[in-house]
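See structure below.
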Amino acid sequence: MTGIPATGIRAQESGAGMPTYAPGEPGGERPASGGFDVVTGAFSYSGAAIARGLLAAGRPVRTVTGHPGRAPTGTPIEVRPLDFADPAGLTASMHGAGTLYNTYWVRFPRGPVDHQTAVANSRTLFHAARDAGVRRIVHVSITHPSAASPYSYFRGKAEVERILAETGMSYAILRPATMFGGDGVLINNIAWLLRRLPVFAVGGTGAYRIRPVHIDDLARLCLVAGSSAESYTLDAVGPERPTFYQLVCFIKDAIGSRSRVVRVPGALIPAAAEVLGWALRDTLLTGDEYRAMADGLADTDGPPTGPVSVTQWIAENKDSLGRRYANEVDRHFR
Ligand SMILES: NC(=O)c1ccc[n+]([C@@H]2O[C@H](COP(=O)([O-])OP(=O)(O)OC[C@H]3O[C@@H](n4cnc5c(N)ncnc54)[C@H](OP(=O)(O)O)[C@@H]3O)[C@@H](O)[C@H]2O)c1
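Using this note's numbering, read the sequence shown as starting at 1323 and increasing by one per residue.
In structure tokens form, the structure reads like this:
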């Protein structure tokens, strides 16, 4: 995409010796301890990519998941329940593991589950890993977590990072802004809407940037992190940071949509997303998600840590993008 600046890194290291990212060489030297690794949600999104990477590197994988029934027939992945009400069971599931790759989080509050629930569950998971003697935790967080954030998602993420550091375990934190590739939701569902609606509304100026990272780049960063002994924190971000308006227009042109992309007052977006979500029986975008993006929290200005270009990926996947709607509530709440 022309006009989209390339970027550079923004790593927040809390330990020395951050491992070098080597594209195409996931994992590197494997940890000496632990006969297998544990990945949360190996049949969901980022957990699936991490599990694929580990298996490709010859590392046995066990998953803890809320959806054991989604295990494909014949999977080499050992399946255990992600049951936060049973910490002893979680500890038993992780006993003998080298690294826990943690992707667990709750995108938005629904019913009795909110971000504070996810914080408490993350604490349970980390403590179970420590009790199980797990060597290291590689944790997927988000860009700009902050205890002072107005958004419960970002406050919760900051709290989880703090809890992880306080376990005293060896850890790495990877912070993506947003992810694409595989069966990711955001870009697919923008394309789905652009294929079906005569008008696509962008909130405000649409000038806020987003910094997507390919799911396999995130997985590689996680595997590199799993093979290190240093504790560190790193943004997991791709080479492009289009404005949201540019991104929507790029998707529209790529898929040949005739939808009109219009800018509307930002205050209208949460209500419009709620109406669409009601029609789709999904939560398309929460008010907080929109406001956080408009506040620039899905952007960073450092150099890329993952090489895959989002615009190139969209161009390569234009025929399949947005053919099927990706329903977040079906994935995680039904
Ligand atoms: N996706 C993005 O664009 C994006 C952007 C920035 C940061 N992140 C961060 O990256 C991490 C992984 O995200 P992801 O999109 O790859 O997640 P995911 O695969 O959809 O889910 C990751 C794990 O969380 C569990 N989970 C998700 N929602 C849940 C719910 N409502 N109740 C109970 N368990 C739930 C999943 O359960 P199952 O085992 O049942 O599948 C899975 O184990 C998260 O920490 C997220 O904050 C993601």
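From the three backbone atoms N, C-alpha and C, an ideal C-beta is built for every residue, glycine too.
{"Asked": "C-beta atoms of ALA1442 and LEU1412 nearer than 8 Å", "Found": "no"}
{"Asked": "MET1416: CB within 7 Å of a non-hydrogen atom of ligand 1", "Found": "no"}
{"Asked": "Selection from ALA1558, ARG1374, VAL1583, ALA1480 that minimises the alpha carbon distance to HIS1437", "Found": "ALA1480"}
{"Asked": "Three-way DSSP call (helix, strand, coil) for ALA1410 in this model", "Found": "helix"}
{"Asked": "Where ALA1454 sits in the DSSP three-state scheme", "Found": "helix"}
{"Asked": "3 or more residues per run - each beta strand (DSSP E) lying fully within the stretch 1435-1491", "Found": "1458-1462"}
{"Asked": "For LEU1628, the residue or residues it bridges with in DSSP", "Found": "Sequence inspection shows Gly at residue 1628; the Leu mentioned does not correspond to that position. None; GLY1628 has no bridge partner."}
{"Asked": "Any beta strand (DSSP E) of 3 or more consecutive residues that is wholly inside the stretch 1501-1573", "Found": "1521-1525, 1534-1536, 1554-1558"}
{"Asked": "Straight-line Cα distance separating VAL1535 from GLY1349", "Found": "Low confidence applies to GLY1349: its pLDDT is 42, below 50, so where it sits in the model is not reliable, and the reading given next is rough at best. In a straight line, the C-alpha of GLY1349 is about 18 Å away from that of VAL1535."}
{"Asked": "Nearest to ALA1558 (by Cα), restricted to the options PRO1625, GLY1357, ALA1378", "Found": "PRO1625"}
{"Asked": "As assigned by DSSP and simplified to three states, the class of ILE1372", "Found": "helix"}
{"Asked": "VAL1651 - DSSP class collapsed to helix/strand/coil", "Found": "helix"}
{"Asked": "Nearest-angstrom Cα separation, counted from ILE1512 out to GLY1644", "Found": "7 Å"}
{"Asked": "Inter-residue spacing [alpha-carbon to alpha-carbon] between ASN1424 and PHE1566", "Found": "28 Å"}
{"Asked": "Bridge partner(s) assigned by DSSP for ALA1614", "Found": "None; ALA1614 has no bridge partner."}
{"Asked": "For VAL1428, the three-state DSSP class (helix, strand or coil)", "Found": "coil"}
{"Asked": "CB contact flag (ALA1364, ILE1399, <8 Å)", "Found": "yes"}
{"Asked": "Any non-hydrogen atom of ligand 1 within 7 Å of VAL1360 CB", "Found": "no"}
{"Asked": "8 Å Cβ cutoff met for ALA1487 and ALA1547", "Found": "no"}
{"Asked": "Cβ shell of PHE1572 (< 8 Å), same chain only, five flanking positions each side left out", "Found": "MET1323, PRO1564, THR1633, ILE1636"}
{"Asked": "Through-space distance from GLY1526 to ARG1585, alpha-carbon basis", "Found": "6 Å"}
{"Asked": "The stretch 1503-1511 contacting the stretch 1592-1599, beta-carbon criterion three pairs below 8 Å", "Found": "no"}
{"Asked": "The stretch 1599-1609 in contact with the stretch 1452-1472 per 3-pair CB rule at 8 Å", "Found": "no"}
{"Asked": "ARG1392, DSSP secondary structure in three states", "Found": "helix"}
{"Asked": "Pair within 8 Å by beta-carbon distance, THR1385 and ARG1402", "Found": "yes"}
{"Asked": "Separation of SER1549 from TYR1647, as counted between CA atoms", "Found": "36 Å"}
{"Asked": "PHE1365 beta carbon near ligand 1 (any heavy atom closer than 7 Å)", "Found": "yes"}
{"Asked": "Nearest residue (CA-CA) to ALA1419, options ARG1429, THR1362, ALA1393", "Found": "THR1362"}
{"Asked": "Burial state of ALA1470, where buried means 16 or more other Cβ atoms lie within 10 Å", "Found": "exposed"}
{"Asked": "Closest Cα partner of LEU1496 within the set GLY1357, THR1608, ARG1542, PRO1394", "Found": "ARG1542"}
{"Asked": "Buried or exposed by the 16-neighbour rule on C-beta atoms within 10 Å, applied to VAL1456", "Found": "buried"}
{"Asked": "Under 8 Å between C-beta atoms of PHE1476 and ILE1464", "Found": "yes"}
{"Asked": "Assigned exposure category for TRP1514 - 16 Cβ within 10 Å defines buried", "Found": "buried"}
{"Asked": "Cβ neighbour criterion (16 or more within 10 Å) applied to GLY1357", "Found": "exposed"}
{"Asked": "Contact check, GLY1528 vs GLY1628, beta carbons under 8 Å", "Found": "no"}
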